[in-house]
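Chains as they are written, first to last, in the numbering used here: chain A, 1 to 111; chain B, 112 to 228. Positions of the beta carbon are idealized from the N, C-alpha and C atoms, including for glycine. It should be emphasised that the depicted structure is a prediction, and the values quoted were computed from it without experimental measurement.
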Amino acid sequence: DGGITQSPKYLFRKEGQNVTLSCEQNLNHDAMYWYRQDPGQGLRLIYYSQIVNDFQKGDIAEGYSVSREKKESFPLTVTSAQKNPTAFYLCASTGPRAGYTFGSGTRLTVV
Amino acid sequence: AQKVTQAQTEISVVEKEDVTLDCVYETRDTTYYLFWYKQPPSGELVFLIRRNSFDEQNEISGRYSWNFQKSTSSFNFTITASQVVDSAVYFCALRPYSGAGSYQLTFGKGTKLSVIP
């Protein structure tokens with residue numbers, strides 16, 4: 001079955017450490033997204049990519065970086081510059097005039 | 112700019128009661144899509160419905176129904192005879208139909224529904 005796979009499900013980061021969240025899709029979707037969700041909040045867009053080797057900043061891109069070397073993959077790196085990274089991260093993909101398909105999320109905690 | 116407002120932060124109902132979740136949106140686009148997603152405690156967002164702006168026909172799917180009114184920019188969601196399994200956070204979302212940014216989805220902040228047995 002087609003879908004989006006996010007890994008790991010839980011991730012712990014030490015202060016000053018970079019961590020990378022994985023997102024893979026086999027839906028042949030062109031566009032992929034990373035959202036951040038904080039408790040009691042909606043989803044805020046971090047980065048998105050509409051085609052391979054191209055990506056755009058969303059509303060809260062500071063402290064994050066992405067790459068899109070393959071259509072299927074859109075990893076998100078949470079850098080040490082992100083001062084408050086503890087959150088739930090959701091990856092999504094979509095095709096033209098379609099709804100989003102979401103992954104099951106990664107819960108990141110700073111220890 | 113697009114905006115989606117879900118004024119109800121949290122709602123609690125007793126099982127078997129009907130409940131309506133409100134969604135009001137703002138957009139300058141003449142054509143757009145509206146969505147509802149369910150987020151159970153596990154965290155994954157589950158797609159419920161997509162509605163085109165040029166189709167104002169209301170839709171019913173089992174215990175779920177949606178009332179789209181373009182004149183008031185609202186897309187409300189009603190659960191009939193609520194069940195404990197309906198307990199979740201529900202998000203309303205909006206995206207343009209075409210053009211630059213047409214892939215981008217704007218979410219409301221969500222409404223947390225608790226159905227009490």
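Chain-ordered chain A contacts of residue i [CB-CB under 7 Å]
| i | result |
| --- | --- |
| B:Phe218 | Gly42 and Leu43 |
| B:Leu205 | Correct list: empty, because the minimum Cβ distance to chain A is about 12 Å. |
| B:Leu156 | Leu90 and Phe102 |
Distance, residue j Cα to residue i Cα
| i | j | result |
| --- | --- | --- |
| A:Tyr10 | A:Val110 | 11 Å |
| B:Gln215 | B:Pro228 | 38 Å |
| A:Val66 | B:Lys220 | 25 Å |
| A:Arg36 | A:Pro75 | 14 Å |
| B:Leu205 | A:Asn84 | 28 Å |
| B:Ser153 | B:Asp197 | 13 Å |
| B:Arg162 | B:Leu145 | 5 Å |
| A:Met32 | B:Thr141 | 25 Å |
| A:Phe55 | A:Gly40 | 28 Å |
| A:Tyr64 | A:Phe12 | 16 Å |
| A:Ser7 | B:Ile160 | 27 Å |
| A:Ser80 | A:Leu108 | 13 Å |
| A:Ile4 | A:Gln50 | 16 Å |
| A:Leu21 | B:Ser182 | 42 Å |
| A:Tyr48 | B:Arg139 | 22 Å |
| B:Val226 | B:Ile122 | 8 Å |
| A:Gly105 | A:Ser73 | 15 Å |
is_contact[residue i, chain B] using C-beta, thresh 8 Å
| i | result |
| --- | --- |
| A:Gly2 | no |
| A:Phe55 | no |
| A:Tyr47 | no |
| A:Gly105 | yes |
Cβ of residue i within 8 Å of any chain A Cβ
| i | result |
| --- | --- |
| B:Gln215 | yes |
| B:Arg162 | no |
| B:Phe202 | yes |
Contacts that residue i makes with chain A (C-beta to C-beta distance below 9 Å)
| i | result |
| --- | --- |
| B:Gly173 | Under the 9 Å cutoff, chain A gives no residues; its nearest Cβ is about 19 Å from B:Gly173. |
Same chain, Cβ closer than 8 Å to residue i, five either side skipped, listed in chain order
| i | result |
| --- | --- |
| B:Thr189 | Asp129, Val130, Thr131, Leu132, Tyr175, Ser176, Trp177 and Asn178 |
| A:Asn53 | Arg68 and Glu69 |
| A:Leu27 | Gly2, Gly3, Ile4, Ser93, Gly95 and Thr101 |
| A:Gln82 | Glu62, Gly63 and Tyr64 |
Sequence-distant residues of the same chain with beta carbon closer than 6 Å to residue i, five excluded per side
| i | result |
| --- | --- |
| A:Arg44 | Arg36, Asp59 and Ile60 |
| B:Val200 | Gln150, Gly221 and Lys223 |
| A:Asp38 | Ala87 |
| B:Ser185 | Val135 |
| B:Thr217 | Gln113, Val115 and Leu205 |
| B:Glu137 | Lys114 |
| B:Val157 | Lys149 |
Cβ-based neighbour list, residue i, same chain, cut-off 7 Å, excluding 5 preceding and 5 following
| i | result |
| --- | --- |
| B:Lys127 | Ala192 and Ser193 |
Neighbouring residues, chain A, relative to residue i (Cβ below 8 Å)
| i | result |
| --- | --- |
| B:Phe146 | Gly99 and Tyr100 |
message = Any C-beta of chain B within less than 7 Å: which residues of the segment 80-95 of chain A qualify?
response = Going along the segment 80-95 of chain A in chain order, one finds Phe88, Leu90 and Thr94 with a Cβ nearer than 7 Å to chain B.
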